[in-house]
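Just so you know, the sequence shown maps onto residues 211 to 509 in the numbering used here.
Even for Gly, the Cβ is constructed at its ideal location relative to N, Cα and C.
Have a look at the structure below before the remarks.
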Amino acid sequence: MELRSNVMDTALIFEGGGMRGAYSAAVVTTLLSEGIFFDYAAGISAGSSHVANYVSRDPVRAHKSFVDFAADPNFGSWKTWLKGKGLFNAEFIYEQSYLPDGPLPFDFEMFTDNPARVRIGSYDVSAGRTVYWSKANITGPADLMRRVRASSSLPFSMPPVRIDNRLYVDGALGSGGGIPLQIAQHDGFTKFFVVLTRERSYVKPSFAKYSPLLKLYFREHPTIAEGILRRPGEYNATRERLFELERQGRAYLFFPDVMPVTNRTTDAAQLQRAYDIGLDQAIREVPRWREFLNLPEET
């Protein structure tokens with residue numbers, strides 16, 4: 211089967227948000243079911259999982275990754291955190307589950323055959339800056355999933371990830387605060403379809419009062435503390451840029467009407483409810499998506 215893109219002039223951007231991704235997973239499944247295929251997709255943290263699932267055109271995996279999978283006994287808990295594996299058992303979630311006999315098998319051939327470009331953002335601890343990977347950096351499914359894991363490794367919840375002798379953590383600590391708008395602009399896009407996991411009215415509060423504790427806890431890797439402290443300003447500024455792009459007619463912003471789960475929710479029933487609410491909203495918005503993207507209604 212020849213894979214083709216039908217949206218060439220607009221960047222698809224996924225915000226992170228941990229298990230809030232259950233809501234935005236419904237956007238992934240709806241885009242795929244509607245035959246809306248972007249030629250470019252960028253994501254950070256949970257958004258990088260959405261990119262992988264979207265580009266591999268796998269709506270079943272998109273749903274399972276953020277709903278059913280949380281019920282797996284290996285998914286993670288305080289026990290795995292105490293063992294140094296993370297509150298979310300990252301090695302299992304990203305580097306074992308995708309295997310053919312795992313709970314979330316991944317179609318890497320579909321991912322590579324899809325002509326869409328991808329960008330997965332992570333935070334280079336040594337350099338204290340954001341790094342974006344593309345298909346050129348990925349030679350196999352293990353490469354991809356290790357980078358998705360690195361993009362998603364939120365300090366405290368998951369341990370850092372080492373790739374090519376460099377240490378990486380969640381891309382939300384870098385530029386953009388978790389929304390990869392800047393890389394899409396750098397890659398030449400002026401029009402954006404952005405899937406967010408916080409309500410429209412949300413403003414990220416400052417972490418300044420935690421500065422002494424953060425600097426003490428991350429004294430061996432001070433750039434992590436710096437990234438955490440810098441993040442609210444980066445995040446809020448990126449959202450303001452998105453609002454301006456929206457006013458100019460250059461961005462479609464999908465905000466959840468309501469977010470019923472947190473980034474750490476692991477109750478499968480609650481996650482399914484978040485997905486269902488997100489699906490209802492996504493289906494309602496499809497006509498506006500098509501209008502923004504200049505796509506005809508499906509016949």
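Classify T509 as helix, strand or coil using the three-state DSSP reduction. For the purposes of this step, residue 509 is identified with residue 299 of the sequence shown, where counting begins at 1. For T509, the predicted model reports a pLDDT of 41, less than 50, meaning its position is unreliable; a value from the coordinates is still stated below. Here T509 sits in coil by DSSP.
Using CA coordinates, which residue listed in V265, N446 and G257 is at the minimum distance from N324? The residue labelled residue 324 in the question sits at position 114 within the sequence shown. Looking at the Cα atoms, V265 is the closest of the given residues.
In the DSSP assignment, find the alpha helix (DSSP H) that holds A191 and state where it starts and stops. Examination of residue 191 is not possible in this model, given that the chain is present from 211 through 509 alone.
Output yes or no for whether 8 Å exceeds the beta carbon distance between S367 and F298. Numbered from its first residue, the sequence shown carries residue 367 at position 157. Numbered from its first residue, the sequence shown carries residue 298 at position 88. For S367 and F298, yes; Cβs fall inside 8 Å.
Can you say whether N375 is buried or exposed, counting buried as having 16 or more other CB atoms within 10 angstroms of its CB? Reading the sequence shown from its first residue, position 165 is the one you call residue 375. N375 should be labelled exposed.
Rounded to whole angstroms, how far is the Cβ of G257 from the Cβ of G226, which I believe are closer than 8 Å? Here residue 257 is taken as the residue at index 47 of the sequence shown, counted from 1. Here residue 226 is taken as the residue at index 16 of the sequence shown, counted from 1. Going by Cβ atoms, the distance from G257 to G226 rounds to 5 Å, so yes, they are a contact pair.
Look at the Cβ atom of Q482, then the Cβ atom of V471, and state whether they are nearer than 8 Å. One-based indexing of the sequence shown puts residue 482 at position 272. One-based indexing of the sequence shown puts residue 471 at position 261. In this structure, V471 does not lie closer than 8 Å to Q482 by Cβ.
Leaving out five residues on either side along the sequence, give the residues of the same chain with a beta carbon under 8 Å from the beta carbon of F417. On the sequence shown, position 207 is the one that residue 417 refers to. Same-chain partners within the cutoff: L424, I438, L439, R441 and P442.
Could you check whether the Cβ of R410 sits closer than 8 Å to any Cβ belonging to chain D? The question asks about chain D, but that chain is absent: this structure has only one protein chain.
Residues in the same chain with beta-carbon distance under 7 Å from D219, minus the five sequence neighbours each way, listed in chain order, please. Here residue 219 corresponds to residue number 9 of the sequence shown, with the count starting at 1. K401.
Which class does Y251 belong to by DSSP, given the choice of helix, strand or coil? Within the sequence shown, residue 251 is the residue found at index 41, counting from 1. Here residue 251 turns out to be Ala, not Tyr, going by the sequence shown. A251: strand per DSSP, three-state reduction.
Where does F402 fall in DSSP's three states? Position 192 of the sequence shown, counting from 1, holds the residue named residue 402. Three-state result, F402: strand.
Is A252 near H260, with beta carbons less than 8 Å apart? Numbered from its first residue, the sequence shown carries residue 252 at position 42. Numbered from its first residue, the sequence shown carries residue 260 at position 50. No. Outside cutoff.
Is the beta carbon of F403 closer than 8 Å to that of L503? Working through the sequence shown from its first residue, we reach residue 503 at position 293. Working through the sequence shown from its first residue, we reach residue 403 at position 193. Yes, they are a contact pair.
Which residues bound the beta strand (DSSP E) around I223? As a working mapping, residue 223 is identified with position 13 in the sequence shown. Run containing I223: A221 to F224, per the beta strand (DSSP E) assignment.
By Cβ distance, which residues of its chain are closer than 8 Å to A461, with the 5 residues on each side in sequence left out? For the purposes of this step, residue 461 is taken as the residue at position 251 of the sequence shown. Within the same chain, A461 has close Cβ partners K401, F402, F403, V404, L452 and L455.
Just the Cα atoms here: how many angstroms apart are D268 and S275? Numbered from its first residue, the sequence shown carries residue 268 at position 58. Numbered from its first residue, the sequence shown carries residue 275 at position 65. Approximately 11 Å between the Cα atoms of the pair.
If I'm right that T433 touches G338 with Cβ under 8 Å, what's the distance once you round it to whole angstroms? Within the sequence shown, the letter at position 223 stands for residue 433. Within the sequence shown, the letter at position 128 stands for residue 338. 4 Å between Cβ atoms; contact.
Candidates A360, A346 and P422: which alpha carbon is nearest I303's? Residue mapping note: residue 303 aligns to position 93 of the sequence shown, counting from 1. It is A360 whose Cα lies nearest to the Cα of I303.
Beta-bridge partners of L463, as assigned by DSSP: Taking the first residue of the sequence shown as 1, we reach residue 463 at position 253. V404, per the DSSP bridge assignment.
Answer with buried or exposed for N216, where buried requires no fewer than 16 other C-beta atoms within 10 angstroms of its C-beta. Position 6 of the sequence shown holds residue 216. Classification of N216: exposed, given that the 10 Å Cβ count is below 16.
Same chain only: Cβ atoms within 6 Å of G387, ignoring 5 sequence neighbours per side: As a working mapping, residue 387 is identified with position 177 in the sequence shown. The residues are R441, E444, Y445 and T448.
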